[in-house]
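Protein chains in written order, with this note's numbering: chain W, 60 to 171; chain P, 354 to 468.
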Amino acid sequence: GQQLNQSPQSMFIQEGEDVSMNCTSSSIFNTWLWYKQDPGEGPVLLIALYKAGELTSNGRLTAQFGITRKDSFLNISASIPSDVGIYFCAGQPTGTASKLTFGTGTRLQVTL
Amino acid sequence: DGGITQSPKYLFRKEGQNVTLSCEQNLNHDAMYWYRQDPGQGLRLIYYSQIVNDFQKGDIAEGYSVSREKKESFPLTVTSAQKNPTAFYLCASSPGTSGARSAQFFGPGTRLTVL
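Below is the structure:
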C-alpha cells in the first residue's frame, strides 16, 4: 500500500524550541490527520483537517492542509518534555473512501 | 466513558497456534479497522469493516481473519498461516468512511509475541 513521505524521520530539540514536520504525497488528499504515539500505546488523534488551506490549532500544536492538497504541516511551539513521541500524519486520498494512508512517522526527542 | 478497548495488552502464543485479539468500541462508530505495526515502522492495514456483517481485506490480510457480527465488536484471528505474527496490533474505529467522519480513533494496542 501507499505510504506518505514524512520528514524529518527524527529530530532532537531542546525544551522551549519550536518544531516543524511535514507530509507530502503524489496524490490529492481529501483529509489530513495528525496523530501522536507514545511507546507501547495506540496513536492519539491531535488535529484533523478537511479543507485545502485550513489552519487548525490544538493548544501549542498547529497544523495546515496544504493548498495543493498534496501536503500538510504540523508545528509544535515551545516544546516540553512530554512532547516526546512519534508523530504520524495520515490522509484519505480522493476516491478511496474508508481507507487512510499513513506516514512513516517523525520521532521527536526533547532534551532539557 | 466512551472509547476503544483491546484485550489483552500482552499475548504470548506458541508457534502454530491460532489466537484471537479482541476489539470493542462503545462510540457507536460504523467503521472499524485492524492495523499491524512492526518496530520502527508505520501502520499497515490488515482488515477493515465499514458496516456490520461486512469487511474487506487491507494491504496485508494473508494469515488473518476477522468477523463483524456486532457493531461494537471486531475480533481479529491470527492464524498459523501468518508467517511472522509477532507484532503490535492496533484496532481503530471511525464514525463513517469519508470526510469529517473518516477520522480514526485507536485502541491501546495488543502486543503479540509468538514463541
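Note that the Cβ used here is the ideal one computed from N, Cα and C, for glycine as well.
Being a predicted model, the structure only gives us computed values, none of them experimental.
Which same chain residues, not among the five before or five after Ile145(W), have their C-beta less than 6 Å away from its C-beta?
Gln96, Gly164, Arg166
Take the Cβ of Ala445(P) as the centre, count every other Cβ of all protein chains shown within 10 Å, and call the residue buried at 16 or more, exposed below.
buried
Residues of its chain near Ala149(W), where Cβ-Cβ distance is below 6 Å and the 5 sequence neighbours each way are ignored:
Leu92, Leu159, Phe161
Give me, in chain order, the residues of the same chain whose beta-carbon lies closer than 7 Å to that of Thr358(P); leave out the 5 immediate sequence neighbours on both sides.
Glu377, Gly460
Assess, as a yes-or-no matter, whether the region 418-437 of chain P is touched by the region 387-401 of chain P under the definition of 3 or more beta carbon pairs within less than 8 Å.
yes
Where the region 448-465 of chain P meets chain W: residues whose CB sits under 9 Å from a CB there:
Gly449, Thr450, Ser451, Gly452, Ala453, Ser455, Ala456, Gln457, Phe458, Phe459, Gly460, Pro461, Gly462, Arg464
Just curious, the beta strand (DSSP E) that Gly411(P) is in, first and last residue?
Element bounds for Gly411(P): n/a, residue is neither H nor E.
What residues in its chain sit with their C-beta under 7 Å from that of Phe142(W), if we drop five residues either side in the sequence?
What sits at residue 142(W) in the sequence shown is Asp, not Phe. Closer than 7 Å at Cβ, skipping near neighbours: Ile135, Leu167, Val169.
Does DSSP put Ala453(P) in a helix, in a strand, or in coil?
helix
Does the CB of Leu104(W) have a neighbour CB from chain P at under 8 Å?
yes
Contact list for the region 389-405 of chain P against chain W, Cβ threshold 8 Å
Gln394, Gly395, Leu396, Arg397, Leu398, Tyr401, Gln403
Using beta carbons (cut-off 8 Å, strictly below), is Phe71(W) in contact with chain P?
no
Determine the closest residue to Gln151(W) out of Ser138(W), Ala137(W), Ile139(W), Ser131(W), with distance taken between C-alpha atoms.
Ser131(W)
Nearest residue (CA-CA) to Gly416(P), options Ser375(P), Tyr400(P), His382(P)
Tyr400(P)
Chain W partners of Leu443(P), CB-CB under 8 Å?
Gly101, Pro102
Would you please verify whether the beta carbon of Phe147(W) is less than 8 Å from any beta carbon of chain P?
yes
Contacts of Lys158(W) in chain P (Cβ-Cβ under 8 Å)
Leu398, Tyr401, Gly411
Rounded C-alpha distance that separates Gln73(W) from Lys423(P)
48 Å
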